[in-house]
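According to our numbering, the sequence shown is numbered sequentially starting from 387. Glycine residues also receive a C-beta, built at the ideal position from the N, C-alpha and C atoms. For clarity, every value in this text was computed on a predicted model and none was experimentally measured. Reading through the C-alpha cells given below for one structure.
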Amino acid sequence: MRISKVVSNIQESPTLAITARVNQLKAQGKDIIGFGAGEPDFDTPDDIKEAAVKAIKDGKTKYTPVGGIVELKQAVCDVVNTEYGMQTAPANVIVSCGAKHSLYNLFLTLFEAGDEVILPAPYWVSYPPMLEIAGATPVIIDTRTTGLKLTADQVKEAITPRTRGIIINSPSNPTGMVFDKKELIKIAEICIEHDMLIVSDDIYNKIIFSGSEFFSLASIGPEVAERTFIIKGASKTFYMTGWRIGYCIGNKDVIAAMSRLQSQSTSNPTSFAQYGALQSLTGDQSIVGVRAKIFEERRNLMVSKIREVPGFSIIPPEGAFYCFPSVAGQIDRFGSATKLASFLLDKAQVAVVPGIDFGADDYVRFSFATSEANIIKGLDRIKEALTQG
Ligand SMILES: Cc1ncc(COP(=O)(O)O)c(C=O)c1O
387 MRISKVVSNI QESPTLAITA RVNQLKAQGK DIIGFGAGEP DFDTPDDIKE
437 AAVKAIKDGK TKYTPVGGIV ELKQAVCDVV NTEYGMQTAP ANVIVSCGAK
487 HSLYNLFLTL FEAGDEVILP APYWVSYPPM LEIAGATPVI IDTRTTGLKL
537 TADQVKEAIT PRTRGIIINS PSNPTGMVFD KKELIKIAEI CIEHDMLIVS
587 DDIYNKIIFS GSEFFSLASI GPEVAERTFI IKGASKTFYM TGWRIGYCIG
637 NKDVIAAMSR LQSQSTSNPT SFAQYGALQS LTGDQSIVGV RAKIFEERRN
687 LMVSKIREVP GFSIIPPEGA FYCFPSVAGQ IDRFGSATKL ASFLLDKAQV
737 AVVPGIDFGA DDYVRFSFAT SEANIIKGLD RIKEALTQG
C-alpha cells in the first residue's frame, strides 16, 4: 500500500523503540537492565490518582472544551505567573495530550516550508521529525565543542533571512545541561533583534540539582515573553507519563489557532486526566523536591560509575534524569555508538540509547530513572564487558 511522503519519512521514536525491545527481552526471561526509559520510575502520587477517580465517579467523563478545562488552564497560569513573573490568563494556555502533542500543535501552527528553526544539538529526538512534518528545516548547532551548552555567538552565526525561531530545552534531554542565565539573556536579545520566536521546552524544570539554577527566557520581561512559547507537562514533574497531559503557554492568537488544529485531531485531552493534572498543580508540591533529591543522588552515583568505564567521559548533568557520556574512546573499537549500544545489549544485557538520534553519534544516553541497585549492577556489567572485550 502506498504510504504518504510525509509519513514515509518518519521513523519510530528510537527511545520508545528501545523500551519496547527491553520489554520484549524481559518477557523472554532475560535479565536486562534498562537505562533507556525516558520516564520517571516513581508512581503518580495518590492525591492525583484520587482526584482523577473522583472525577470519573462525579461523571466528568464527557468531552471538555477542546483546549482543556478552564480550572486547569488557570492553575497553569498561576504557576507561570508566580514562577516566571509573567501575566498570563487562560486564553494564553492550551492543554494537549502530552507535551509532545503541545509541541506538535505548536510547530504546525508556527512553522511552514521555507522556515528555518535553530536547534541546539544534542537535542530531544522528536524535535527534528516534528519540524520536518511542519515543512520547516531544523538548523542544527552542535554544542559538543562548547561543553554541551548553547552560546549566543553560535546562535548569531546560524541566523539567515529564513530563521523563524529557536528551540531551547533546559534542562536538556539528553544532556541534562541547564543553560546559563547570562547566555540566555544574550540569546533573547538576538531573538528580539531578528524577530525570532522562542520555543522554551521547560518540561524538566523541576528536576534541578544543587549548584544549578533554572532560568526561563520568558521571565526576562514582556518583550521576550510575547515571542516565547513555554512547554510544560505533567509527565516528568508529577510522574504521569501515561496520563498524557501537556501545556503550551504563549500568545493568545497562536494558542487559539493551536486549539483549532487540536479540535480537528484529538479534541480535548482525556477529561479525568485533566482533573488529575489539576490536582498535581494545586495540591501539595513537596514530593517534587523530595524526588528531585533522589534523582540527584542517583546522578552522583551514575556519574561516578560511568567514570570507571574505559573510553567513557561525562560532563555531569545539572538536571533532568539522563547522563549523556561521550563514548569517543570506544568508537575506534566498535565503529559507532550504535554498534557499541548493540554490543552492550547482547553482551552485558544493558540497554542504553545510542546518541545518533540525539544528533551526537559518539555519545550514548543513560536514564537514571531507575534504582541505585540497577545503576550499580548495570554499570558494573558494562565495565566488565568493555574491559574483557
Ligand atoms: C524534552 C522533552 N520535551 C517533551 C517531552 C514530551 O513529554 P510528554 O509528551 O510525555 O508530556 C519529552 C519526553 O520525553 C521530552 O524529553
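Is residue i helix, strand or coil by DSSP?
{"i": "Glu612", "result": "coil"}
{"i": "Phe565", "result": "coil"}
{"i": "Ala507", "result": "strand"}
{"i": "Cys483", "result": "coil"}
{"i": "Tyr490", "result": "helix"}
{"i": "Lys622", "result": "coil"}
{"i": "Gly628", "result": "helix"}
{"i": "Arg548", "result": "coil"}
{"i": "Lys475", "result": "It is Ala, not Lys, that sits at residue 475 in the sequence shown. Three-state result, Ala475: coil."}
{"i": "Pro404", "result": "Per the sequence shown, the amino acid found at residue 404 is Ile instead of Pro. Three-state DSSP puts Ile404 in a helix."}
{"i": "Ala737", "result": "strand"}
{"i": "Asn409", "result": "helix"}
If you follow the beta strand (DSSP E) that residue i is in, where does it begin and where does it stop?
{"i": "Cys634", "result": "Gly632 to Ile635"}
{"i": "Leu583", "result": "Leu583 to Asp587"}
{"i": "Ser753", "result": "Val750 to Ser753"}
Which same chain residues, not among the five before or five after residue i, have their C-beta less than 7 Å away from its C-beta?
{"i": "Phe601", "result": "Lys567 and Leu570"}
{"i": "Val439", "result": "none"}
{"i": "Leu492", "result": "Val585, Phe615, Cys634 and Met644"}
{"i": "Ser753", "result": "Phe421, Gly422, Ala423, Gly424, Phe707 and Tyr708"}
{"i": "Ala604", "result": "Tyr470, Met472, Ser586, Val610, Ala611, Thr614 and Ile616"}
{"i": "Lys691", "result": "Ile761, Ile762 and Leu765"}
{"i": "Val713", "result": "Gly697, Phe698, Ala723, Leu726, Asp748, Tyr749 and Val750"}
Please work out which residues of its chain come closer than 8 Å, Cβ to Cβ, to residue i, disregarding the five sequence neighbours upstream and downstream, and give them in chain order.
{"i": "Thr784", "result": "Coverage of the chain is limited to positions 387 through 775, which leaves residue 784 absent and any answer about it impossible."}
Terminal residues of the continuous alpha helix (DSSP H) containing residue i?
{"i": "Phe601", "result": "That residue, Phe601, is in no alpha helix (DSSP H); it is neither H nor E in DSSP."}
{"i": "Arg667", "result": "The residue asked about is misnamed: residue 667 is Leu in this sequence, not Arg. Taken as a continuous stretch (DSSP letters only), the alpha helix (DSSP H) holding Leu667 covers Ser657 to Thr668."}
{"i": "Arg530", "result": "First-last for Arg530: undefined, no H or E at that position."}
{"i": "Thr773", "result": "Glu758 to Gln774"}
{"i": "Asn686", "result": "Ser672 to Ile692"}
{"i": "Ser728", "result": "Ala723 to Phe729"}
{"i": "Gln716", "result": "Ala714 to Phe720"}
Mind checking residue i: buried by the 16 CB within 10 Å criterion, or exposed?
{"i": "Tyr509", "result": "buried"}
{"i": "Arg331", "result": "What the structure shows of the chain is the stretch from 387 to 775, and residue 331 is not part of that stretch, so it cannot be assessed."}
{"i": "Ser512", "result": "buried"}
{"i": "Glu599", "result": "exposed"}
{"i": "Val392", "result": "exposed"}
{"i": "Asn409", "result": "exposed"}
{"i": "Ala499", "result": "exposed"}
{"i": "Thr468", "result": "exposed"}
Given residue i, which residues of its chain have a CB within under 6 Å of its CB, disregarding the five upstream and five downstream residues?
{"i": "Gln665", "result": "Asp433, Ile434 and Ala437"}
Please tell me whether, using a cut-off of 6 Å, the distance from the CB of residue i to the nearest non-hydrogen atom of ligand 3 is below it.
{"i": "Trp629", "result": "Among the ligands present in this structure, namely ligand 1, ligand 3 is not found."}
Touching by the beta-carbon criterion (3+ pairs, under 8 Å), the segment 697-706 and the segment 730-742: no
Touch test, the segment 471-485 against the segment 448-461, Cβ-Cβ under 8 Å, three pairs minimum: yes
Segment contact, 8 Å Cβ cut-off, at least three pairs: the segment 576-583 with the segment 542-561: With the cut-off at 8 Å, the segment 576-583 and the segment 542-561 touch.
Inter-stretch contact at 8 Å, needing at least 3 Cβ pairs: the segment 670-684 / the segment 468-477: no
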